[in-house]
Each structure stands twice: as C-alpha cells, then as structure tokens.
Amino acid sequence: MKRLVFALFSLLSLAAHAELKVFATVPEWGALVKEIGGKHADVFIATGGLQDPHHVEARPSLIARARNADLVVATGAELEVGWLPVILRNSGNPRVQPGQPGNFEAARAVRMLEVPARLDRADGDVHAGGNPHIQTDPRNILKVGEALVARMAQLDAINANEYQANFKHFAERWKAAMAKWEASAAPLRGMRVVTQHKAFPYLYDWLGILEVATLEPKPGVEPAVSYLAQVMNDVTTQKPRMVIRAAWNSPQPTEWFSEHAHIPGVVLPFTVGGSDQARDLFSFFDDTLAQLLRANK
Amino acid sequence: MYRASLFVLAACGVLASLPAQAADNDLKALREEIAQMRQAYEQRINALEARLIKAESKADSAQTVAQQAAVQQNTVQQAAASTQSNSFNPEVSMILQGSYNNLKQDPNAYQITGFVPTLGEVSPGARGFSLGESELVLSANIDPNWRGTAILALAPEGGVNVENATFESLGLGNGFSFKGGRFFSGIGYMNEQHSHAWDFADAPLAYKAFLGNQLGDDGVQVRWLAPTDLFLEFGAEVGRGRTFPGAGNNKNGVSQGAVFAHMGGDVGISNAWRVGLSWLGSSPKDRSFDDTDSTGTTVSNRFSGKSRTWVADGIWKWSPNGNSTVNNFKLQGEYFKRREDGTLASNSTAGACGGCAAGFETDQSGWYVQGVYQFMPHWRVGLRHDGLKSGTVNIGLINSGMLSFADFPQLAAHDPKRNTAMLDYSPSEFTRFRLQWARDDSGIGATDNQLFLQYIFSLGAHGAHAF
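Read top to bottom, the protein sequences are chains U and R. For what it's worth, this note's numbering labels the leading residue of the first sequence as 1, then goes sequentially. For what it's worth, this note's numbering labels the leading residue of the second sequence as 1, then goes sequentially.
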C-alpha cells in the first residue's frame with residue numbers, strides 16, 4: 001500500500017515536472033528533444049528504430065498521445081504523409097495542426113538533397129521536398145536542434161533559458177564528437193558503395209562516400225533477383241567496397257548482393273534504436289561509423 | 001607596583017580615549033562618506049547591470065530572430081520551388097477499380113433470404129468484365145479551423161453519386177471534433193473505411209444485411225477523445241436516415257442517430273488493438289421492399305416502426321517490431337444484433353389481405369471474422385467467415401391468417417453463411433490486384449460460387465489510411 005502511494009506520488013510529481021508534452025514521430029527527434037528539454041519535456045516517440053518510417057499504422061495509441069501533445073516534432077518532407085495527417089485530424093487537438101506553433105517539421109531547417117526535378121509516380125516513391133532521411137548527417141542534427149530549441153522556447157517561455165542552456169551544452173559536445181567522427185572517417189572518403197534503399201544520401205554527403213548503385217529499381221520498390229544480377233554486372237567495374245541497408249529494410253536483397261558480389265553487407269542503424277549500440281544520438285553515429293570502418297578494413 | 005601600573009594603564013586609557021574620541025568623529029564622517037560613495041556606486045552598478053541585462057536580452061533575441069530568419073529563409077527557398085498559381089488547389093486523387101467476376105448464380109436474383117432487403121447495392125456485381133465505381137476525392141483545408149472533403153463515386157453506367165461531402169473541424173480543443181454533411185457513420189469498424197481500403201472485394205454479409213453495404217447518412221457528428229494514454233473515444237451522430245435502416249423520412253427533426261465508443265492501445269511495439277461498441281437507432285416510415293407473393297405477383301411491403309442495431313467490433317494487428325512492410329497480420333471481427341418492431345403493410349391481394357397491415361417484429365443477428373496475413377512484401381492472403389441468423393421474425397399478417405409464409409419468401413427462415421479466401425498482390429502502395437473466391441449461401445437453396453479478379457489503382461495525392 002505504502003509502495004503504491006509512493007508510486008502514485010512519484011507519478012504525480014513526474015507529471016508536475018514535465019511542462020512540455022512532445023510527440024516525436026521518429027526516434028532521432030525524440031532523442032534531440034530529450035537533449036534540449038531535459039526534465040521539462042515529456043517525450044513520446046511514435047515509432048521504433050526498426051520501423052520503416054514511411055509505413056506506419058495510425059494506431060489508436062498514437063492518436064491518444066497526439067491529443068495531449070503541446071508539440072509534434074516530425075521530419076516533414078512527406079516522410080510521414082501516409083499516417084501523421086490521420087493522427088492529427090483525429091486528435092481533436094488544434095495546437096498541433098499544420099501551420100500552428102505546435103507543429104514542427106525538421107526538414108524545414110536543413111538543406112534538402114535529391115529534390116526531384118519532376119514529380120511522377122513512375123519514378124517510385126519520390127518526395128516532392130527532397131529525400132527526407134536527413135538525420136544521417138550530424139550537421140543536420142545541429143541545424144534542426146537550433147530551430148527546435150527556438151520553437152520549444154517559444155512554446156514554453158518559462159523554461160526557455162534552460163532549453164537554450166541545454167542546447168548550448170549539447171551543441172558543444174556534438175561539435176566535439178563531430179570532429180572526432182570526421183577524423184576517424186577519413187579512410188571512408190571517396191569510398192564507393194551500393195545501397196539498398198536511398199536512405200543515406202546525407203551520410204554520404206557528409207563523409208564523401210560515393211553511391212554507385214541502389215538495389216531498389218525505384219525508391220520503395222522491392223528488387224527482383226534478376227534486377228539484382230543486372231545491378232551487380234553494371235557496377236563490378238566500379239568496385240564498390242560494401243553494400244549497405246538500413247535496419248528496417250528487408251534483409252534479402254543486401255544479403256544476396258553481398259554473397260554474389262563478394263563484398264561485405266552492412267546494416268546501419270539509420271536512427272536511434274536501429275541497433276543495440278545506438279542508444280542515443282551520440283552512440284547512433286558512433287555505431288554507424290564503427291560499422292562502416294569495420295567493413296572497410 | 002601594582003597600583004602604579006594601574007595608574008599608568010588608566011592614564012593610558014584616558015590618553016588613548018582622548019584621541020579616540022577625536023578619531024571617532026572623523027571616522028563617523030568617513031563612514032558616512034563611504035556609505036554615500038557606496039550608495040552612489042551601487043546605484044551606478046545597478047544601472048550598469050540593468051543596461052547589461054537589456055543588451056544581453058537584445059543580443060539573445062537578435063540571435064533568435066537571426067535563427068528564425070535562417071529557418072524561414074530555408075523554408076522560403078524550399079517553397080519558392082513549388083509556388084505556382086494553383087498551389088491552393090485541393091488535393092485530388094482518383095481511385096480506379098474494376099473486376100472480372102465469375103458467378104454461378106444469376107447476380108440479378110441475389111438475395112439474403114431471411115432478411116429484409118436493404119435496397120443497397122449488395123449483389124456481387126455483374127458477370128464477366130465490369131468497371132467498378134471510380135472514386136474522385138477532393139480535399140483541402142478550408143481555413144485554419146475547417147477541412148473539407150468530397151468523395152464522388154462515378155457509377156460505370158453513368159451518373160455521379162455523392163458518397164461523402166463533409167466539413168470537419170481541425171480540432172476544437174479539449175479533444176472535441178465536429179463533422180457535418182454526408183459521411184460514413186462511425187459505428188462498427190469497417191463502416192468508416194472506403195471500399196477500396198477493405199481487405200476483401202466485397203462487404204461482409206452482416207454489412208449487407210444490416211446496413212445495406214455501408215451506412216452513410218446526412219447529418220452531424222461530434223466526437224470526444226479522452227485525455228488518457230489509452231485511446232478512448234466517444235461519438236454521437238444524428239441524421240435524416242437517408243439510407244437503410246432509415247427510409248429517408250419526409251419529416252422534420254431527427255430520424256436516425258448513433259452513439260459509439262472505441263477503446264484501443266498497444267501491447268508492446270508489435271501489437272495494436274481496438275475494440276468498439278455502437279448503437280444505431282432509426283425510425284423508418286414506409287420503408288418498402290418488393291417480394292413475390294403466393295400468387296406469383298410482385299408485391300410491395302412497407303415497414304414503419306423502430307429499428308435498433310447493436311454492433312460490437314474488434315481488431316488486432318501484429319507486425320514484428322511495428323514494421324509492417326515485410327510481414328504483418330490482422331484479425332478483425334464484428335457482431336451485429338438488430339431488433340425491429342412496428343407495422344408491416346402489404347399491397348398483396350393474396351389470401352384475405354387485399355391491402356392490409358399488422359404488427360411486425362424481428363430479432364436477428366450476424367457476424368464475421370477475418371484474418372489477413374502478409375507473408376512476404378507485397379503479397380497477402382486472407383480468409384473470412386460470415387454468418388447470419390434470421391432468428392425471430394414475427395409477422396402479424398401471418399399470425400392473423402390474412403397472409404401465409406408463402407407470401408413472404410424473402411423472409412423465409414434461413415441462416416446464410418459464406419466462406420471467402422483471397423490473395424492479393426500490391427506491387428506498390430498505389431496498386432493492388434486481388435483474386436478472391438467465395439462460396440456464398442446467402443440465398444436459400446441457391447449456393448453461389450463466386451470468383452473475383454479485381455484491380456484497385458489510386459492516382460494523385462497520397463492519401464493517409466486510418467487504423
């Protein structure tokens with residue numbers, strides 16, 4: 001009984017401490033909000049690190065969480081187009097609707113890559129705003145963080161100074177970590193790779209890696225074995241060092257290619273929670289680089 | 001010696017106290033001076049501090065402004081690329097569907113024996129190749145508070161059917177939302193989904209028998225979402241009773257209404273569920289259906305009274321780690337129970353009738369359960385079982401001897417059953433091909449074997465699907 005009362009009180013006190021309720025669509029922004037918000041942010045993360053962020057069910061639990069949120073942090077650039085609009089519309093929460101201060105899109109804070117020159121579904125699952133997988137470049141994390149801290153300060157003015165201070169502290173550690181990552185990634189510069197889904201253009205842009213082919217014939221279209229064989233023939237002269245997939249991609253195409261082209265197959269975490277090692281933003285990049293460097297040996 | 005030293009000490013004391021007194025006065029003055037100086041300095045320091053704080057906050061806000069400007073600049077850069085004169089046009093999408101049907105029984109003679117015909121499009125469709133309804137979907141935010149959607153179904157034989165035309169609030173706050181116009185009722189699980197989002201080519205028998213395929217009324221709806229982490233939603237709607245079980249009454253006020261509650265949540269990251277309970281009440285007046293009486297004449301029967309339907313629904317979805325792209329499974333089921341009581345009039349001239357009316361009472365139920373499994377990316381298999389119980393049908397005209405059972409062949413005691421299997425292939429999010437086979441025992445003594453080969457294509461704006 002005493003324990004129950006204690007648990008109830010600690011729950012109540014927790015609720016009293018959290019001033020800003022944040023609904024993050026994907027783990028990376030959830031982790032960033034935690035860095036900035038500290039004890040003042042109550043963060044709910046809608047998806048796991050092993051989920052394909054394009055295809056998420058608009059589960060009842062997500063609608064329930066969006067109803068109470070003060071801030072929805074999404075990637076934007078149409079990444080969540082198949083599920084987030086339904087959740088927001090059913091939430092009955094006017095604060096987080098598109099266009100409101102409580103609706104934050106990370107992609108608006110960064111320079112987008114692979115913005116299609118033409119929009120045609122014949123090109124597969126293309127996004128009008130550009131490739132939405134922006135979190136694989138740590139420089140983008142910093143830019144998104146800057147925009148996010150301003151938004152959080154706007155929504156929760158009482159704790160604004162603390163958010164700014166937390167972010168300043170985070171940014172210092174982040175810049176130091178980036179210098180370390182860039183130094184260790186020097187051998188990867190100019191490396192040629194094959195990727196299953198176009199999930200890492202920002203990572204390659206950061207590290208100077210060259211993508212010579214993708215295994216999907218069009219974004220979001222699963223490759224057939226005949227197509228894989230064709231890709232393999234096309235790229236043998238380019239001598240790719242490895243074949244890379246995100247943790248949530250189906251494993252077969254990368255496995256097939258790795259086996260037949262005799263190059264290592266690498267599974268990158270893609271986001272926080274995408275591997276056992278990637279527990280927060282720092283370890284997410286630690287693990288990403290560790291995987292790439294190991295395969296490059 | 002002692003005395004002498006005392007004296008000396010005393011003298012010293014006096015001597016010391018004399019200048020001390022003089023010094024005291026000086027000190028007092030000094031202290032005052034210092035205090036004044038301190039006060040003056042403090043004032044100046046305070047003023048300086050205030051200026052510093054001001055300057056700092058200005059710098060901060062300047063930084064924030066600069067950041068916001070940078071963000072906005074980015075946004076503008078992005079937006080500039082796609083700004084066109086038609087950017088305010090609504091999202092437009094179109095669903096194209098069609099099928100090849102192979103039906104053992106004549107679809108024109110299709111009936112669900114034991115149940116009052118719903119006048120909805122419940123038959124399995126034409127034999128051979130046929131175009132399904134093409135759905136044109138237009139939607140956009142009207143202003144910061146409202147969103148509008150129109151879904152027009154273009155019938156293959158010509159004509160436009162307004163399936164949905166609604167305005168919806170973009171969150172009234174405190175979990176409330178409001179909807180008005182023509183919309184699919186929130187009762188049950190499948191009712192709100194559009195037919196192209198269904199997992200089988202046709203509706204469950206219970207939907208055909210109790211709702212005329214799907215319930216869409218003209219009216220208003222209010223929903224409230226509880227502020228809990230468990231999904232808990234309540235809704236109420238009122239309308240005209242435009243379609244079955246209503247009869248489009250020529251009457252002021254409300255002829256049909258429903259209340260519903262939904263509850264849902266997750267079990268771990270791999271499982272999600274939702275259950276619901278709904279009640280639908282309608283007061284149709286002169287709801288008519290045709291039947292063939294014992295003399296072989298087509299007659300018209302009209303029901304006036306009350307219709308009350310309960311629906312219990314449940315759905316469970318599984319996907320490993322919440323990632324539904326490779327494998328996933330869903331299990332859903334719904335149970336319907338309906339009571340109707342009122343009067344039934346017939347224009348039959350058989351027996352002693354010649355245009356007669358008497359009490360009418362039914363108590364009927366039905367259910368279905370279906371499971372759909374995605375065994376590899378893009379490929380799914382599904383099984384469905386339907387069952388209906390015609391239950392109690394109490395026809396006053398028969399009890400009083402004016403007409404006989406043979407005058408109501410449509411309401412003959414029969415428990416329809418159907419088993420369905422399907423396989424579908426969706427090479428992309430916008431394409432689906434489906435092969436479906438069913439053994440349908442809806443009509444008494446007319447078991448049907450149905451084969452459907454169906455396509456569903458969606459083009460245009462990327463729609464988002466509800467759970």
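Beta carbons: idealized from backbone N, C-alpha and C, even for Gly. Quantities reported herein were computed from a predicted structural model and do not represent experimental measurements.
Residues of its chain near residue i, where Cβ-Cβ distance is below 7 Å and the 5 sequence neighbours each way are ignored
i       : result
L142(U) : A171 and W174
N161(U) : none
A58(U)  : W83, V86 and I87
L103(R) : P124, R127, D448 and Q450
R67(U)  : S91, G92 and N93
DSSP-derived helix/strand/coil call for residue i
i       : result
G114(R) : coil
A438(R) : strand
R279(U) : coil
F408(R) : coil
E32(R)  : helix
T236(U) : helix
Q230(U) : helix
V298(U) : The structure shown does not extend to residue 298(U), since chain U is modelled only from 1 to 297, so the question has no answer here.
M422(R) : strand
Q364(R) : strand
N159(U) : helix
W256(U) : helix
S123(R) : coil
D199(R) : coil
K198(U) : coil
F88(R)  : coil
K389(R) : strand
G396(R) : helix
A69(U)  : coil
N74(R)  : Low local confidence applies: a pLDDT of 44 at N74(R) is under 50, so the model's placement there is unreliable, with the coordinate-based value given in what follows. N74(R): helix per DSSP, three-state reduction.
R432(R) : strand
Other residues of its chain near residue i: CB distance less than 6 Å, five sequence neighbours each side excluded
i       : result
Q410(R) : D291
L435(R) : L423 and L453
A358(R) : G396, L397 and S400
F23(U)  : F44, R65, A66, A69 and V72
G351(R) : M402 and L403
L277(R) : A261 and A312
Closest by C-alpha distance to residue i, when choosing among the options
i       : options                               : result
Q450(R) : A421(R), E237(R) and E340(R)          : A421(R)
S91(U)  : F184(R), S169(R) and A446(R)          : S169(R)
S324(R) : F183(R), F467(R), R338(R) and K389(R) : F467(R)
S471(R) : A197(R), N174(R), G158(R) and D143(R) : Residue numbering for chain R in the displayed model covers 1 to 467; residue 471(R) lies beyond these limits and cannot be assessed.
N327(R) : A352(R), W379(R) and G354(R)          : W379(R)
V222(R) : G235(R), L215(R) and R308(R)          : G235(R)
A109(U) : A128(U), P132(U), P116(U) and L71(U)  : P132(U)
R65(U)  : L210(U), L32(U) and K21(U)            : K21(U)
H55(U)  : L79(U), R279(U), F257(U) and A74(U)   : L79(U)
A295(U) : V194(U), V225(U) and G274(U)          : V194(U)
G314(R) : M190(R), E340(R) and F430(R)          : M190(R)
E361(R) : R308(R), D217(R) and F88(R)           : R308(R)
G371(R) : Q364(R), D363(R), D386(R) and A357(R) : D386(R)
G159(R) : N249(R), E133(R) and D143(R)          : E133(R)
Y100(R) : I456(R), V220(R), D217(R) and N174(R) : I456(R)
P269(U) : F285(U), I263(U), H260(U) and E259(U) : F285(U)
S62(U)  : E32(R), Q111(R), E233(R) and S346(R)  : According to the sequence provided, residue 62(U) is Leu. The question's Ser does not apply to it. The option with the nearest alpha carbon to L62(U) is E233(R).
V26(U)  : D280(U), A183(U), L289(U) and L292(U) : D280(U)
E237(R) : L280(R), L211(R), V381(R) and F200(R) : L280(R)
H462(R) : L215(U), S250(U) and A77(U)           : A77(U)
Close beta carbons around residue i, own chain, < 8 Å, minus the five adjacent residues each side
i       : result
E192(R) : F184, S185, G186 and A466
Spell out a yes or no on whether the segment 193–211 of chain R and the segment 225–237 of chain R are touching, meaning 3 or more CB-CB pairs, one atom from each, closer than 8 Å.
no
Inter-stretch contact at 8 Å, needing at least 3 Cβ pairs: the segment 298–305 of chain R / the segment 261–268 of chain R
no
Just list the beta strand (DSSP E) runs in the segment 281–337 of chain R, keeping only unbroken ones of 3 residues or longer that don't cross its boundaries, in chain order.
287–292 and 298–318
Any contact between the segment 233–246 of chain U and the segment 39–49 of chain U? By contact I mean 3 or more CB pairs, one from each, below 8 Å.
no
Three or more C-beta pairs under 8 Å: does that hold for the segment 239–247 of chain R against the segment 276–286 of chain R?
Verdict: yes, contact present.
For the segment 145–164 of chain U and the segment 213–231 of chain U, state whether three or more C-beta atom pairs, one from each stretch, are separated by less than 8 Å.
no
Does the structure place the segment 173–181 of chain R close enough to the segment 248–262 of chain R that three or more beta carbon pairs sit under 8 Å?
Too few Cβ pairs lie closer than 8 Å, so no.
Please determine if the segment 86–95 of chain R and the segment 130–146 of chain R are in contact, where contact requires at least 3 C-beta pairs separated by less than 8 Å.
Per the Cβ contact rule, the segment 86–95 of chain R is in contact with the segment 130–146 of chain R (3 or more Cβ pairs under 8 Å).
Cβ pair count under 8 Å reaching 3, the segment 254–261 of chain U against the segment 24–38 of chain U
The way I'd put it, the segment 254–261 of chain U doesn't touch the segment 24–38 of chain U; fewer than three beta-carbon pairs between them come closer than 8 Å.
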